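Right, one structure below, let's go through it.
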Amino acid sequence: MGNDALMPEKEKVLVTGGAGFIGSHIVDKLIKNGHEVVIVDNLYTGSRENINYKAKFYEVDLISLKECKKIFEVEKPQIVIHQAGQISVQKSLDNPIDDANINIIGAINILECCREYSTKKIIYASSAAIYGDPQYLGIDEEHPYKPTSFYGISKLTPEYYIKLYSKLHNIKFTILRYSNVYGIRQNSKGEGGVISIFIDNLLKNKQSIIYGDGNQTRDFIYVKDVVNANIKAISKGNNLILNISTNKQISVRELLDIIIKTSKIKVSPIYMERRSGDIINSYMDNKKAKVALNWKPNYTLEQGIKEMLIHYGQNN
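Just so we're aligned: 304 in this note's numbering is position 160 of the sequence shown, and the numbers increase by one with no gaps anywhere.
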């Protein structure tokens with residue numbers, strides 16, 4: 145396995161979900177940095193438009209171990225960045241079997257391939273959803289796990305598999321628990337990120353819905369900061385679990401005010417009854433990631449929103 149210092153600078157990296165929102169941004173950065181990149185994506189939520197033409201692409205579902213092994217046998221990646229997954233809380237509640245198949249069985253299949261084909265390291269995209277209702281703020285990595293959705297359970301379960309595969313088969317890992325990621329390429333339909341939905345509605349002069357009084361808070365992190373954490377994790381943060389977040393909270397009402405102010409488009413929101421199961425306040429402590437990865441979030445909420453507005457304004 146060797147020491148980090150002996151690792152070659154350029155790796156062959158396989159990115160699952162590399163046609164999706166976060167995964168495609170990671171692929172772009174890897175290619176820019178000179179890595180050889182392989183994308184595995186079933187295009188269920190990912191898009192062909194997001195696929196970097198310099199990457200090798202396989203349209204494959206991770207639920208098929210046989211198909212996964214075919215790819216690993218040909219490509220033999222040194223690093224796997226596992227971004228693929230079912231990301232809708234509501235879909236996990238409506239169809240927990242699908243959710244478990246995609247998020248748990250898919251992850252185990254990837255781990256089996258890593259074991260069989262001697263992959264050095266896996267970087268796994270976990271979620272703030274594993275913590276459930278916060279017992280204290282900011283939520284650190286030692287916070288108790290009490291998921292309030294099947295999605296939270298299906299993101300947490302692979303963490304246990306990854307740790308045990310690491311122990312049994314000497315595969316390095318870094319588990320990155322994301323707060324609320326937003327940015328360009330995020331789906332604004334259905335249960336897409338609230339920032340993408342708000343921006344999409346504003347640019348179409350449509351009213352946005354705020355559930356409850358709008359005082360509920362979240363920790364929003366820009367996709368480019370998440371990308372940088374993944375890139376750093378290729379050579380740092382071995383066998384660690386790290387929150388990737390801003391360590392700040394902002395209310396949904398304040399968030400919409402920032403988007404309105406930045407866009408200079410004034411559309412009043414519609415307030416609806418608070419949804420049952422919604423967490424009231426949440427933000428995640430990122431001190432551990434700052435030290436272990438030599439990383440920090442570089443984008444303020446205003447900067448991230450401005451970049452999105454410029455992009456979507458030009459593409460409308």
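We treat Cβ as the ideally placed atom computed from N, Cα and C, and that holds for glycine. All values derive from a computational prediction rather than experimental measurement.
Per DSSP, which one or two residues make a beta bridge with residue i?
i, result
"L158", "V182 and V224"
"M428", "I283"
"R397", "Answer by DSSP bridge pairing: none, since R397 is not bridged."
"V325", "I365"
"G276", "K290"
Determine, using beta carbons only, whether residue i and residue j come nearer to each other than 9 Å.
i, j, result
"V184", "L209", "no"
"Y280", "H287", "yes"
"Y427", "S323", "yes"
"A272", "D363", "yes"
"I404", "K410", "yes"
"E211", "L187", "no"
"M416", "I353", "yes"
"K265", "I378", "yes"
"I449", "T406", "yes"
"R419", "D357", "no"
Which two residues bound the contiguous alpha helix (DSSP H) that contains residue i?
i, result
"S298", "F294 to H313"
"S208", "Where S208 is concerned, there is no enclosing alpha helix (DSSP H), given that its DSSP letter is neither H nor E."
"K368", "V367 to A377"
"K173", "F165 to K176"
"K235", "V233 to D238"
"I142", "Outside the displayed range of the chain (145 to 460) lies residue 142, so it cannot be described from this structure."
What's the call for residue i, buried or exposed, on a 16-neighbour Cβ count within 10 Å?
i, result
"E155", "buried"
"G178", "exposed"
"D422", "exposed"
"K299", "buried"
"I306", "buried"
"V218", "exposed"
"M145", "Confidence is the limiting factor: at M145 the pLDDT is only 40, short of 50, which leaves the residue's position unreliable and the question unanswerable from this model."
"S444", "Note that residue 444 corresponds to Thr in the displayed sequence, not to Ser. Flag for T444 reads exposed."
"P152", "With a pLDDT of 47 at P152, under the threshold of 50, the predicted position of this residue should be treated as unreliable, though the coordinate-derived value follows. Exposed is the call here."
"Y541", "Because the chain is modelled from 145 through 460, residue 541 falls outside the range shown and cannot be assessed."
"F165", "buried"
Rounded C-beta distance between residue i and residue j? I'm assuming under 8 Å.
i, j, result
"T390", "N345", "24 Å between Cβ atoms; not a contact."
"N425", "I225", "Going by Cβ atoms, the distance from N425 to I225 rounds to 31 Å, so no, they are not a contact pair."
"I341", "S270", "With a Cβ gap of about 23 Å, I341 and S270 do not count as contacting."
"R259", "I315", "7 Å"
"A228", "G161", "3 Å"
"R321", "N387", "5 Å"
Name the two residues that bound the continuous beta strand (DSSP E) containing residue i.
i, result
"T318", "K316 to Y322"
"L386", "L384 to I388"
"A251", "Premise fails: A251 lies in the alpha helix (DSSP H), G250 to E260, not in any beta strand (DSSP E)."
"V269", "The sequence shown places Ala at residue 269, not Val. That run of the beta strand (DSSP E) goes K265 to S271."
"Y355", "I353 to Y355"
"I409", "Premise fails: I409 is in no beta strand (DSSP E) and is neither H nor E."
"Y443", "Per DSSP, Y443 belongs to no beta strand (DSSP E) and is neither H nor E."
"K198", "Segment: none, K198 is in no beta strand (DSSP E) and carries neither H nor E."
Would residue i count as contacting chain D if we go by Cβ distances under 9 Å?
i, result
"G276", "This model lacks chain D altogether; it includes just one protein chain."
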